[in-house]
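Residue numbers (the numbering used here): 1 to 483.
In this text, a Cβ means the ideal position worked out from N, Cα and C, and glycines have one as well.
Comments concern the structure below.
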């Protein structure tokens with residue numbers, strides 16, 4: 001079913017069709033001189049000075065997405081694109097196939113709050129996901145066939161579906177839900193709190209701005225948030241429900257400018273606060289505070305990346321410090337000096353991508369020849385086996401219940417599929433698999449090796465179509481396999 005005119009899916013279709021038609025022989029045969037000129041776009045130059053360099057921007061006015069002039073400009077551009085493309089058999093074919101692939105049921109993961117489970121769901125043919133809830137259940141996952149209570153519907157706020165909701169956090173007792181509101185593709189969001197018993201929003205609202213790290217405190221009577229000012233930089237604050245926002249307590253961030261990104265974790269039942277500072281993509285710093293004591297550095301001013309995690313009284317650091325392929329370190333929060341750090345998982349020839357704790361084991365995900373491997377370690381770092389996973393796939397693992405794990409597998413010829421893995425027996429069963437109209441048996445996947453100018457060999461995976469006889473498609477048949 002084709003979506004209604006002006007819908008989100010229709011814009012996706014139009015973008016994809018323009019891109020694909022631009023590569024097709026149909027457009028190549030057209031004469032550019034025969035196209036009418038595009039609509040005029042007004043130029044109004046705004047000049048920013050960054051580090052002493054003037055950066056002119058002729059079209060800053062188009063960032064006001066709701067301004068009448070901007071909406072008129074978009075309508076003119078869409079009409080121009082329609083005139084150029086027009087209706088054709090190839091466009092209908094693309095629209096039909098993309099609809100099969102894109103317009104599918106989509107159910108988000110459930111989050112329990114109090115006696116309820118909350119989740120997002122978009123049924124096939126719907127414009128945007130709604131937020132639903134149901135009484136918490138351990139026996140089944142939500143389905144599109146069942147009926148659930150609607151908590152938030154974006155159409156109630158904006159029938160054009162350019163305004164979207166996202167769940168941010170729940171209060172500890174499950175009676176309050178914090179959610180964000182994003183207008184179109186803006187970076188700024190608004191934050192509201194819904195009383196899940198009355199269905200009404202609290203008067204405590206964060207107006208449109210740049211926020212991160214928004215979450216309730218342990219009491220549920222207030223929340224933390226990081227406000228990012230483009231002029232003065234980021235600040236971590238605490239707001240008490242019912243008070244004026246002008247009375248919010250500033251927790252941390254003084255002295256950091258707008259190019260820094262900061263965050264905070266409160267761990268060990270409030271004993272420690274761990275602060276992070278991201279300096280672009282080059283490096284980050286980590287600090288720790290015990291109670292109301294002084295903030296001490298764990299790592300500061302080092303040209304490397306550190307990702308922290310707190311568990312059972314220890315801080316784990318995944319880092320490329322003196323280890324380009326990353327390694328895992330352990331830090332005692334009472335002795336955070338570098339001299340006291342301990343190495344748990346040393347660097348290997350494979351890239352150490354991520355790790356998770358499941359039942360007192362460390363499940364580490366590595367990248368081996370552009371394919372994932374999952375290796376298991378005891379908490380002391382000693383090897384404890386490996387999880388069998390498909391070749392040539394992207395893999396992730398997370399904890400489930402009762403000695404099981406959730407294993408996500410995404411291959412070049414297979415869509416993302418989730419399995420429930422029994423960690424004791426190794427048995428697995430499919431827990432979530434999308435219905436995709438695609439015959440992967442018509443393709444082969446081969447691994448090719450190339451040598452870089454520096455002499456390093458790198459693998460490339462190439463999916464290619466089989467001939468009708470089932471044999472491997474010849475590599476010289478370039479017309480069938482455009483880049």
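Buried versus exposed call for residue i [16 or more other C-beta atoms within 10 Å across all chains shown]
| i | result |
| --- | --- |
| residue 193 | buried |
| residue 55 | exposed |
| residue 176 | buried |
| residue 411 | buried |
| residue 362 | buried |
| residue 344 | buried |
| residue 465 | exposed |
| residue 171 | buried |
| residue 281 | exposed |
| residue 365 | buried |
| residue 234 | buried |
| residue 327 | buried |
| residue 21 | With a pLDDT of only 48 at residue 21, under the threshold of 50, the placement of this residue in the model should not be trusted; the figure read from the coordinates follows. Classification of residue 21: buried, given that the 10 Å Cβ count is 16 or more. |
| residue 437 | exposed |
| residue 121 | buried |
Residue i in three-state terms, based on DSSP
| i | result |
| --- | --- |
| residue 116 | strand |
| residue 161 | coil |
| residue 449 | strand |
| residue 196 | coil |
| residue 306 | strand |
| residue 189 | strand |
| residue 318 | strand |
| residue 169 | strand |
| residue 259 | coil |
| residue 414 | coil |
| residue 77 | helix |
| residue 205 | coil |
| residue 44 | strand |
| residue 476 | Since pLDDT at residue 476 reaches only 39, below the 50 mark, its modelled position is unreliable, and the value read off the structure follows with that caveat. Coil. |
| residue 154 | helix |
| residue 462 | strand |
| residue 338 | helix |
| residue 498 | The question about residue 498 has no answer, for the chain in this structure spans 1 to 483. |
| residue 444 | strand |
| residue 493 | With the chain represented from 1 up to 483, any question about residue 493 goes unanswered, as that position is not in the structure. |
| residue 111 | strand |
| residue 72 | helix |
| residue 402 | coil |
| residue 297 | strand |
| residue 437 | coil |
Proximity below 9 angstroms, CB of residue i to CB of residue j
| i | j | result |
| --- | --- | --- |
| residue 413 | residue 445 | yes |
| residue 416 | residue 390 | no |
| residue 265 | residue 274 | yes |
| residue 353 | residue 372 | yes |
| residue 169 | residue 215 | yes |
| residue 110 | residue 142 | yes |
| residue 317 | residue 302 | no |
| residue 204 | residue 238 | no |
| residue 260 | residue 370 | no |
| residue 333 | residue 268 | yes |
| residue 232 | residue 212 | no |
| residue 198 | residue 180 | no |
| residue 358 | residue 375 | no |
| residue 304 | residue 283 | yes |
| residue 77 | residue 39 | yes |
| residue 105 | residue 124 | yes |
| residue 220 | residue 196 | no |
| residue 360 | residue 378 | yes |
| residue 263 | residue 276 | yes |
Bounding residues of the alpha helix (DSSP H) (the contiguous stretch that carries residue i)
| i | result |
| --- | --- |
| residue 37 | Looking at the DSSP string, residue 37 is not in any alpha helix (DSSP H), and its letter there is neither H nor E. |
| residue 422 | That residue, residue 422, is in no alpha helix (DSSP H); its beta strand (DSSP E) goes 417-422. |
| residue 102 | 89-102 |
Beta strand (DSSP E) segment containing residue i, residue limits
| i | result |
| --- | --- |
| residue 392 | First-last for residue 392: undefined, no H or E at that position. |
| residue 252 | 249-252 |
| residue 372 | 371-378 |
| residue 57 | 53-57 |
| residue 65 | Counting along the chain, residue 65 falls outside any beta strand (DSSP E), and DSSP gives it neither H nor E. |
| residue 352 | 351-358 |
| residue 364 | 361-368 |
| residue 275 | 272-279 |
| residue 429 | 428-432 |
| residue 385 | 383-387 |
| residue 222 | 222-229 |
| residue 132 | 130-135 |
Assess contact between the segment 417-431 and the segment 397-408, defined as three or more Cβ pairs (one per stretch) separated by less than 8 angstroms. Is contact present? yes
Is there contact between the segment 114-134 and the segment 142-153, where contact requires at least three CB pairs shorter than 8 angstroms? yes
Taking one C-beta from the segment 77-96 and one from the segment 114-129 each time, how about it: are there three or more such pairs within less than 8 angstroms? no
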